[in-house]
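Everything in the sequence shown is counted per this note's numbering, starting at 15 for the first residue and increasing by one.
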Amino acid sequence: MSKVIGNGGGVIHAGSSLKMEKTPQFGKAQPTLELKSEVADTYLRSKIGKDFDGFEHVFALVPTKNGEWKRFDLNWDRSTPSADARIRSTDQHSLTLGTEQFDLEAAREHGVAFGVETNVGTFYLQDYGQNLKPSEK
15 MSKVIGNGGG VIHAGSSLKM EKTPQFGKAQ PTLELKSEVA DTYLRSKIGK
65 DFDGFEHVFA LVPTKNGEWK RFDLNWDRST PSADARIRST DQHSLTLGTE
115 QFDLEAAREH GVAFGVETNV GTFYLQDYGQ NLKPSEK
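1) Can you list, in chain order, the residues of its chain with a C-beta nearer than 6 Å to that of Glu-70? Leave out the 5 residues immediately preceding and following it.
2) To the nearest angstrom, how far is the alpha carbon of Lys-17 from that of Trp-90?
3) With a threshold of 6 Å on Cβ separation, who are the neighbours of Gly-68 within its own chain once the five nearest residues in sequence on each side are excluded?
4) Taking 6 Å as the limit between beta carbons, can you name the residues of its chain near Tyr-142, skipping five residues before and five after?
5) Quick check: the Cα distance between Glu-150 and Gln-115, rounded to an integer number of angstroms?
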């Protein structure tokens with residue numbers, strides 16, 4: 015099953031940003047691509063059904079120079095309780111890619127696509143052509 019469930023509504027967020035960081039070996043600032051998402055299980059369950067077990071796996075598809083897309087699985091960082099009683103917790107995921115792992119121009123031109131794998135299927139957070147272009151930090 016594959017379906018677009020949206021990116022927003024206050025409880026599912028995904029994004030990417032570019033950051034210039036100095037490397038100790040060379041001292042020259044190199045770009046890194048930060049991939050982040052926040053997923054509220056209650057919201058996700060409302061979109062995909064009550065059979066969702068609460069264990070999602072977030073991934074990003076990052077474009078390459080040759081037109082292919084490379085999948086990167088985001089790491090689970092933590093769950094934070096929500097002040098809203100209807101949302102039990104929000105799971106935060108992230109991954110930082112070094113300059114050797116992505117093509118800067120391709121990411122700027124085509125953006126990054128985010129998806130969520132669950133026990134009931136794979137869902138995407140944007141429609142075709144609406145990838146999230148990295149913001150500059």
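Ideal placement from N, C-alpha and C gives every residue a C-beta, glycine not left out.
With the structure as the only source:
1) If the five residues before and after Glu-70 are omitted, its C-beta is found closer than 6 Å to the C-beta atoms of Val-53, Val-130 and Thr-132, all from its own chain and listed in chain order.
2) Below a pLDDT of 50, predicted positions are generally treated as unreliable, and Lys-17, at 43, falls in that range; no measurement from the model is reported.
3) Asp-55
4) none
5) Taking the straight line from one Cα to the other gives about 18 Å.
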